[in-house]
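Asker: Would you mind keeping the following structure in view while I ask a few things?
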Amino acid sequence: QVQLVESGGGLVQPGGSLRLSCAASGRTSSINTIGWYRQAPGKQREWVATIASSGSTDYADSVKARFTISRDNAKNTVDLQMYGLKPDDTAVYYCHAKFYNGAPYWGQGTQVTVSS
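This is the structure:
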């Protein structure tokens, strides 16, 4: 198993920036891909960004060019740098990891609120 702990959420004004971090512990060597999902009030959880063990990245169209995902394999952390935040980005952001065998793991989530 792997444990995922998110940090860095908070309140930010529209157009502002925020950096989320996810610390992984446990069987981190079994992680293939790791990334972020988010869930806004009354909406389904949606995928945001993923980074593979190879370093390749992928983003949802809604955040492309505004968000950057990065991974530090030595520290077992993955960060999500968010720029140009909009009220529609308000959500609970969840760290998600997938093992090479396909097993998924989730963090507890961190709240991001974009409001003036």
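Going letter by letter, the sequence shown gives residues 1 to 116 in this note's numbering. We put the CB at the ideal spot given by N, CA and C, even for glycine.
At what residues does the beta strand (DSSP E) containing LYS98 begin and finish?
Answerer: First-last of the beta strand (DSSP E) with LYS98: 91 to 99.
Asker: Express the C-alpha separation of ALA97 and ARG45 in angstroms, rounding to a whole number.
Answerer: C-alpha separation (whole angstroms): 15 angstroms.
Asker: Terminal residues of the continuous beta strand (DSSP E) containing PRO104?
Answerer: Per DSSP, PRO104 belongs to the beta strand (DSSP E) from 104 to 106.
Asker: Taking its Cβ as the centre, do 16 or more other Cβ atoms sit within 10 Å of ASP89, making it buried, or is it exposed?
Answerer: Looking at its Cβ environment, which holds 16 or more other Cβ atoms inside 10 Å, ASP89 is buried.
Asker: Which residue wins for smallest C-alpha separation from TYR100, given the options THR28, TRP106 and ALA49?
Answerer: Minimum Cα distance to TYR100 is reached at THR28.
Asker: Can you tell me which of the three DSSP states ASP72 falls into?
Answerer: Three-state DSSP puts ASP72 in a strand.
Asker: Tell me which residues share the same chain as PRO14 and place their Cβ nearer than 7 angstroms to its Cβ, disregarding the 5 neighbours each side in the sequence.
Answerer: Excluding residues within five positions, the ones whose Cβ falls inside 7 angstroms are LEU85, LYS86, PRO87, VAL114 and SER116.
Asker: Grab me the residues of TYR94's own chain with a C-beta within less than 6 angstroms of its C-beta, minus the 5 sequence neighbours each way, in chain order.
Answerer: Hits under 6 angstroms: TYR37, TRP106, GLY107 and GLY109.
Asker: Leaving aside the five residues before and after ALA23 along the sequence, list all residues of the same chain whose C-beta is less than 7 angstroms from its C-beta, in chain order.
Answerer: Same-chain partners within the cutoff: VAL5, ASN76 and THR77.
Asker: By how many angstroms is the C-alpha of GLY55 removed from the C-alpha of SER21?
Answerer: Computed Cα separation, rounded: 17 angstroms.
Asker: Which word fits LEU11, buried or exposed, when buried means at least 16 other C-beta atoms lie within 10 angstroms of its C-beta?
Answerer: Its Cβ having fewer than 16 others within 10 Å, LEU11 is exposed.
Asker: So, at 6 angstroms on beta carbons, what are the nonlocal neighbours of ASP118 in its own chain, with the 5 sequence-adjacent residues on each side left out?
Answerer: Because the chain here runs from 1 to 116, residue 118 falls outside it and cannot be looked at.
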